[in-house]
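Enquirer:
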Amino acid sequence: MSLLAQSRAVFLKDLLLAARGGSRLSGVLFFATMTLLLFSFATEPDPESMRRHAAGYLWLALLLSSLLSLGESFRAEVEDEALEGLRLLPVDPRALFYGKALSNTLFLVGLSLVLLPLSLGLFGAEVKSSPGLLLAFLLLGTAGLAAPGSLYAAMTSRARGQDLLLPLLLFPLVVPVLIASVKGTGLCFSADPMDQRGALLQVLTVFDLIYWSVCGLLFGKVIEE
Amino acid sequence: MKQLASLLTLIPALMMAASPAVVMAESPADQREVCDDDVDNDGDGLVDCDDIENCSSFHTCGQIQGGWSWVIAVYGLSFAGFAGYALYITRGLNRARKEEADNDQAR
Amino acid sequence: MKRAFDKEHIIGVIGLLMLAYGCWKALFVVPAMNHFGEVGRIFFMHVPTAWNALLILTGSFILAIGALFNRKPSWDAALTGSVEVGVLYTALLVVQGSIWARPTFGIWWTWDPRLITAAILLIAFAGVLSARSFANNQGQRLRWTAVATIVAYIDVPIVYFIVKWLPRGIHQPHSFPSTVSTDYHLALRFNAIAMLLLGIWMTFRRARWILQQNAATAMSAAPGAALDAEGRTMVAGVEE
Amino acid sequence: MAATCPALEATNLARGYGDRWAVSGINLRLATGRSLLLAGPNGSGKTTLLRLLATTLQPNEGRLQVLGKNPTDDAMAARRPIALLTHRTQLYNELTALENLEVSARLLGLKPDKQRSTALLERVGLSGRGQHRARTFSAGMRKRLAFARILLQDPQIVLLDEPYGQLDPSGFGFVDKLVEELRRQGKTLVLSTHLLDRAAPTLDSGLILKGGRMAWVGPARDLPAAYAHETHP
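Listed in order, the protein sequences are those of chains A, W, F and U. Going by our numbering, the residue at position 178 of the first sequence is 178; the numbering climbs one at a time, nothing skipped. Every number in our numbering is 1000 more than the matching position in the second sequence, counting from 1. Every number in our numbering is 2000 more than the matching position in the third sequence, counting from 1. Every number in our numbering is 3000 more than the matching position in the fourth sequence, counting from 1.
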C-alpha cells in the first residue's frame, strides 16, 4: 500500500475525529477570537497603527491557537494509546506524519478563514489584493506551522511538561514562517509598491518543502520506543 | 540513511530555487549609503560621514567616547563565560567521579 | 586512586595559551582603528565567537545525524556537550554584539539579520537542551536531542535568509582599514583557533561528565540466558 | 521454505528501561501454528516481552525474527503478519465501533466493508452496537471491540496480553472459543494470563518469567503445577 493511500487514511481518520470533537473546534475558535480581541484592546486606538499591525495580530492569534489545536489533536492519540495501536499496524511512520500534518493544516486554514474577517473588522484593514493570493499566504503559512508543530506535538504528547515543552521547541522554529506570512499578509492588506508578494510566496513554498520533508523523515524516530 | 542523504542535497537546491526572489528584492535595499567604506553607495554625491542624511545615526561619524570601557566589558564577559562554564563542568565531573568512587567503596 | 591524565587537557592548554597571545595582540599591539577607535578591539573577540558558534553547532548537527543512526551513548554525550558549548558561544555572541552596537550605532538591539539569527539560534538550541531534560529514558533522550538539533540547525539558514531578505535592516556592512597589519591577522586567527580548541576541550569534558553520570546509573550488562537443571540454555516454544 | 523458519524466533532478546532490565536472555522458537502460554507474577516482563515480539519495542540486545524476516531490515514486512492485544484497547473514544474498525481496515489497505465489520461485531458479541461511540462502552465491551479489530486484520501471529482481563464470565467463554478457533485456523499464538488453569489445556508450550528472565519452560499442561512451585518454592 502506497504512502499516499496510507497518509490519506490517517488524514480521513483525523478529519472524522475533528468533526466528532465539536467542543475542540469551538474551544479553539473561542480562544483565537479572544486573543484577537485582547490584541485590539492592547493596541493604542490609532486607526493607522491598528491597520498596519492587523496581519501581525492575525498570525499571532493563529500561532497561539495552533498550540491548543496541536495538543488536542494528539490527545485523542494518547488517551487510549491509539497511536500505539497505529504503530502496531504495518503503516509507514511518514504516512502518520503526513496525514496528521495535513489535517492540522486544514484545521488551521479553516480557523484563519474565520479569523480573517474578524481581524479585518477589528483593526479596520481591507483586502487589497486578489483573494486567491491572500488564501495562498494563509495556506502556506499554516502549513509551515503545522509541519514542525505535528512533529513536536507527537514528541511531547506523552512527555512530562508537555504544555511547556511544545511552545519552547516550536516558537523559535516557526520564526521565519511567521515573518514571511505576516509580511505577505500585510502586503495583501496594503499596496505592494515593490511587488514582493510573489517572491514571498516563492520563499514560503521553499520553507514548507524543507519542513515537510525533514519532519516527515524524522517522525518515525520521534514516536519509536 | 539514503533518504537523509537525498534530503541534504535537496535543501541547498531548494535554497537556490528561492534565491531569484532574494536577489530581486535585495537590490533596492543595497543602494543605501555604507558609512565607513569610502564609497558613495547611494550615489548622492556624498561619501560616508559627509552624507549626513544617511549616516547621522552611524556613531563613528562622531567621536566614540569611553572606548576602553566597552572593550573591557566584552572581553571580561567573554572570559567570565568561558571560565564559568569550564568551572561548572569540571566540578560536575569531579562530583560524578567522586560519587562513583564512593559507590565502589561501598561495594 | 590515581587517574590517568585525560588527553583533551592538551587541547585545552594549547587553546588557553593561544587565547592569551591573541588577546594580548588584540588589546595592546594592534593600533586603534580609524573609525572605531579603541572599540574596534571588540572585533577580535566578537568575530571568532561568531565563527566558532556556527562551527560548533555544525558539529552538533553532524553528531546528531550520527547519533540518530548508531544510537551510541557516547555520541549522545558528545552531541549534548557540543550543543551546550554552542549555546554558550551563541549567548556570548549575542551579548558581545549588543555591547558592540551601543557605542557604534547608539542602540542595544535592532532588526538585523545577524542579530535576529543569533537570538533565534540561542533560543532554539536552548530549547533542545530543555527538551532533553524532559525525556523519560536514555533512548528517548538521545532521539529527542538528535531530532531537535537537526530541525533547529536546518532552521538557522532559513532564519538568516528571511530576515536578510526583508529590506528593513539598518545594519551597515563593516569594512576595515585597508592598511591592516600582520598583527591584525594574528590576533584574529589566534583567537579563532583558540576558541575552537577551548570549545572542543569543553565539549569533551562535558561529554565525559555525562558518560560518568550514565555509568553511575547505568544498567549492568544484560544477564545471559537462563540455564535448565542440566546446564543447557533454556529455549521456550515448540519447534517442529 | 516457510516450514523451515519458525513463526517467531528470539535469540538472547533483552530490553531495559532506565537502569534495569525489564526482560533479558529470552530464547524462544515457536513454529507456525503452535502456541505458547506466558506466565509470571506482576512486573515479571510479560508485557515487555509481548511488545518486543510485536516489534513495537526495540530490543537493546539480541535478535528477533518473524517468519524468517528481521524487523530491523524491513519493519513493515515483519509487522504485517502480527497483531497484539494489549491492556489498553487503543481505540478512538470519539469514533463509533464501526468507524474504529474502518480506520484499521483503511490503514491495512482493506476496502472498508460495512457488512464484514458488522459481522465481526456480531462475532465478538457487540451486535447492534456498531453505531455507538467507543467512549460509551464498558471495559469489557472495549476489549471485545479490540478483539474484532484483530480478527479484521486476520494475522498469522496473534499475541494476546491478558485477554481475560476486564471480561465477565461469559467473556471468558468467548475468549476460550476464540483461542480455539484461532488454533484451528493454524495461527501462531502467544498468550499471557494469570488464569493458568483456564488457558493451559488448550495451548502447546509454556514459559514462566521471573524478574524478566526465563524461569521455567515446558509443556503448557505442566505449567500450573510448575507455577505454584516457582512462586512458592
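Quick reminder that beta carbons are idealized off the backbone N, C-alpha and C, glycines included.
Is F:Gly2012 closer than 8 Å to F:Trp2201 when the C-beta atoms are compared?
Expert: Looking up residue 2201 of chain F in the third sequence gives position 201. Looking up residue 2012 of chain F in the third sequence gives position 12. The answer is yes: Cβ separation under 8 Å.
Enquirer: Can you tell me whether U:Leu3067 is helix, strand or coil according to DSSP?
Expert: The residue given as residue 3067 of chain U occupies position 67 in the fourth sequence. Note: U:Leu3067 maps to coil in three-state DSSP.
Enquirer: How should U:Arg3213 be labelled, buried or exposed, when 16 other C-beta atoms within 10 angstroms of its C-beta is the threshold for buried?
Expert: Start at 1 with the first residue of the fourth sequence, and residue 3213 of chain U comes out as number 213. Its Cβ being crowded by 16 or more others within 10 Å, U:Arg3213 is buried.
Enquirer: Apply the 10 Å Cβ neighbour rule to U:Asn3027 and answer buried if 16 or more other Cβ atoms are within range, or exposed otherwise.
Expert: Counting from one through the fourth sequence, the residue named residue 3027 of chain U turns up at place 27. By the neighbour-count rule (16 or more Cβ atoms within 10 Å), U:Asn3027 is buried.
Enquirer: Tell me which residue opens and which closes the beta strand (DSSP E) that A:Lys13 is part of.
Expert: Taking the first sequence and counting its residues from 1, the one referred to as residue 13 of chain A is at position 13. No beta strand (DSSP E) holds A:Lys13; the alpha helix (DSSP H) holding it covers Leu3 to Arg20.
Enquirer: Contact check, A:Leu67 vs A:Leu169 under 8 Å by CB: the rounded distance?
Expert: In the first sequence, residue 67 of chain A corresponds to position 67, counting from 1. In the first sequence, residue 169 of chain A corresponds to position 169, counting from 1. About 11 Å separates the two Cβ atoms, so there is no contact after all.
Enquirer: Taking only beta carbons into account, state which residues of the segment 1083–1098 of chain W come closer than 8 Å to chain F, listed in chain order.
Expert: Tyr1085, Ala1086, Ile1089, Thr1090, Gly1092, Leu1093, Ala1096 and Arg1097
Enquirer: Buried or exposed: which applies to U:Arg3079, given that a residue is buried once 16 or more other Cβ atoms fall within 10 Å of its Cβ?
Expert: Walking along the fourth sequence from the start, residue 3079 of chain U turns up at place 79. U:Arg3079 should be labelled buried.
Enquirer: Grouping DSSP H, G and I as helix and E and B as strand, with all else coil, what is U:Trp3216?
Expert: Indexing the fourth sequence from 1 puts residue 3216 of chain U at position 216. Residue state, collapsed to three classes: strand.
Enquirer: Quick one, which residues of the segment 3098–3131 of chain U are near chain A if we go by CB-CB under 8 Å, in chain order?
Expert: Residues Glu3099, Val3103, Ser3104, Arg3106, Leu3107, Leu3108 and Gly3109.
Enquirer: Nearest CA to the CA of A:Leu187: which residue from A:Ser150, A:Leu138 and A:Thr205?
Expert: Residue 187 of chain A sits at position 187 when you count from the first residue of the first sequence. The candidate whose alpha carbon is nearest that of A:Leu187 is A:Leu138.
Enquirer: Within 8 Å of any Cβ in chain A, is that where the Cβ of U:Glu3162 sits?
Expert: Position 162 of the fourth sequence, counted from the start, is the residue given in the question as residue 3162 of chain U. Answer no: the Cβ-Cβ gap between U:Glu3162 and chain A never drops below 8 Å.
Enquirer: Does the beta-carbon of U:Leu3064 have 16 or more other beta-carbons within 10 angstroms, so that it is buried, or is it exposed?
Expert: Against the fourth sequence, residue 3064 of chain U aligns to sequence position 64. Its Cβ being crowded by 16 or more others within 10 Å, U:Leu3064 is buried.
Enquirer: Anyone know if the C-beta pair for W:Leu1093 and F:Arg2141 falls short of 8 Å?
Expert: For the purposes of this step, residue 1093 of chain W is taken as residue 93 along the second sequence, with counting starting at 1. For the purposes of this step, residue 2141 of chain F is taken as residue 141 along the third sequence, with counting starting at 1. Going by C-beta atoms, W:Leu1093 is not nearer than 8 Å to F:Arg2141.
Enquirer: So the beta strand (DSSP E) U:Ile3157 belongs to, where does it begin and stop?
Expert: One-based indexing of the fourth sequence puts residue 3157 of chain U at position 157. Where U:Ile3157 is concerned, the enclosing beta strand (DSSP E) stretches over Ile3157 to Asp3161.
Enquirer: Check each candidate in U:Arg3123, U:Ala3200 and U:Ala3007 and name the one with the smallest Cα separation from U:Arg3144.
Expert: Indexing the fourth sequence from 1 puts residue 3144 of chain U at position 144. Comparing Cα positions, the closest option is U:Arg3123.
Enquirer: Using 10 angstroms around the beta-carbon of A:Gly132, count the other beta-carbons present and answer buried if the total reaches 16, otherwise exposed.
Expert: Taking the first sequence and counting its residues from 1, the one referred to as residue 132 of chain A is at position 132. Using a 10 angstroms sphere on the CB of A:Gly132, the tally of other CB atoms stays under 16, which defines it as exposed.
Enquirer: Checking contacts by CB at 8 Å: is F:Ala2216 closer than that to chain W?
Expert: Counting from 1 along the third sequence, the entry for residue 2216 of chain F is found at position 216. By this cut-off, F:Ala2216 is an interface position.
Enquirer: How about U:Ser3104 and U:Gln3156: are their beta carbons less than 8 Å apart?
Expert: In the fourth sequence, residue 3104 of chain U corresponds to position 104, counting from 1. In the fourth sequence, residue 3156 of chain U corresponds to position 156, counting from 1. The answer is no: Cβ separation not under 8 Å.
Enquirer: Using a Cβ-Cβ cut-off of less than 9 Å, give me the residues of the segment 3059–3079 of chain U that come near chain D, in sequence order.
Expert: This model lacks chain D altogether; the protein chains it does include are A, W, F and U.
Enquirer: Let me see if you follow: with CB-CB separation under 8 Å, is U:Ala3146 close to chain F or not?
Expert: Here residue 3146 of chain U refers to the residue found at position 146 of the fourth sequence. Chain F contact via Cβ: absent.
Enquirer: Where does A:Arg51 fall in DSSP's three states?
Expert: Counted from its first residue, the first sequence places residue 51 of chain A at position 51. A:Arg51 falls in the helix class under three-state DSSP.
Enquirer: Per DSSP, which residues does U:Trp3021 bridge with? Please list them.
Expert: If you number the fourth sequence from 1, residue 3021 of chain U lands on position 21. U:Trp3021 pairs with U:Gly3016.
Enquirer: If you run the structure through DSSP and keep just helix, strand and coil, what is U:Lys3273?
Expert: Not covered by the structure: residue 3273 of chain U. The range shown for chain U is 3001 to 3233.
Enquirer: Mind pulling the beta strand (DSSP E) runs of 3 or more residues that sit fully within the segment 2200–2238 of chain F?
Expert: none
Enquirer: Going along the chain, which unbroken runs of the alpha helix (DSSP H) with 4 or more residues stay wholly within the segment 3091–3154 of chain U?
Expert: 3097–3107, 3114–3123 and 3139–3153
Enquirer: Counting along the chain, where does the alpha helix (DSSP H) carrying F:Leu2092 start and finish?
Expert: By 1-based counting over the third sequence, the position of residue 2092 of chain F is 92. Here the alpha helix (DSSP H) through F:Leu2092 covers Pro2073 to Phe2105.
Enquirer: Pick out the complete beta strand (DSSP E) segments inside the segment 193–220 of chain A, 3 residues or longer, and give them in chain order.
Expert: none
Enquirer: Give me the DSSP bridge partner(s) of U:Ile3026.
Expert: Within the fourth sequence, numbered from 1, the residue matching residue 3026 of chain U stands at position 26. Its beta-bridge partners are U:Leu3013.
Enquirer: Could you name each continuous beta strand (DSSP E) segment of 3 residues or more that falls completely within the segment 2131–2161 of chain F, going from the start of the chain to the end?
Expert: Secondary structure within the segment 2131–2161 of chain F: not one fully enclosed beta strand (DSSP E) run of 3 or more consecutive residues is present.
Enquirer: Determine the DSSP secondary structure at U:Gly3040, reduced to helix, strand or coil.
Expert: The sequence position of residue 3040 of chain U within the fourth sequence is 40, counting from 1. Three-state result, U:Gly3040: coil.
Enquirer: Identify the continuous alpha helix (DSSP H) that holds A:Leu115 and give its terminal residues.
Expert: The sequence position of residue 115 of chain A within the first sequence is 115, counting from 1. First-last of the alpha helix (DSSP H) with A:Leu115: Pro93 to Phe123.
Enquirer: For the segment 123–144 of chain A, which residues have a CB atom closer than 8 Å to at least one CB atom of chain U, in sequence order?
Expert: none
Enquirer: Less than 8 Å between the beta carbons of F:Leu2198 and W:Phe1079, yes or no?
Expert: Within the third sequence, residue 2198 of chain F is the residue found at index 198, counting from 1. Within the second sequence, residue 1079 of chain W is the residue found at index 79, counting from 1. The answer is no: Cβ separation not under 8 Å.
Enquirer: Use the C-beta contact count for U:Lys3187: other C-beta atoms within 10 angstroms, 16 or more gives buried, fewer gives exposed.
Expert: Your numbering for residue 3187 of chain U matches position 187 in the fourth sequence. With 16 or more Cβ atoms within 10 Å of its Cβ, U:Lys3187 is classed as buried.
Enquirer: Just verifying my parser: in three-state terms, what is the DSSP assignment at U:Gly3062?
Expert: For the purposes of this step, residue 3062 of chain U is taken as residue 62 along the fourth sequence, with counting starting at 1. Here DSSP, grouped into helix, strand and coil, assigns U:Gly3062 to strand.
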